[in-house]
Amino acid sequence: MTHVRRFLDLSTAHLALEDRACLIGAALAGVRGEVCCGAMPYGWFVYAHDDRPDISDTLWALMVEARRQGCEYLLFDADGPALPDFPCFDWDGPSAS
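In structure tokens, the structure reads:
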């Protein structure tokens, strides 16, 4: 039997620097706390946890949104679309838009 899973495709711009560091560490270590993810050439493939791991409010809100849309994973991609109701961050500066 085939099991098909869904993922939310979104921009890496939704990741603040702290979230980016969290995902880099999780991908390198295999696990960072309870965060499960894999590094891709231009982003990260992240499991949308049901229970909140030790992550930022923004990253948690994105996981909740993925689950709300029936997705089990998030694909943060440099060319992915920006979600209108979530902040975007400039990795070269301190502010969010």
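Residue numbers (UniProt numbering): 1 to 97.
The C-beta atom is built at its ideal place from N, Cα and C for all residues, glycine as well.
**Study point:** Cβ-based burial, D51 [other Cβ within 10 Å; buried from 16]
**Key:** Counting Cβ neighbours within 10 Å, D51 comes out exposed, since fewer than 16 surround it.
Exercise for review: For V46, write down the residues that DSSP places opposite it in a beta bridge.
Suggested key: Per DSSP, C37 and L74.
**Study point:** Beta-carbon proximity check, F76 vs V35, cutoff 8 angstroms
**Key:** Contact: no.
**Study point:** Exposed unless 16 or more other CB atoms sit within 10 angstroms - verdict on M1
**Key:** Exposed is the call here.
Review point. Excluding the five sequence neighbours on either side, which residues of its own chain have a C-beta within less than 6 angstroms of the C-beta of L83, listed in chain order?
Key: Same-chain partners within the cutoff: L10.
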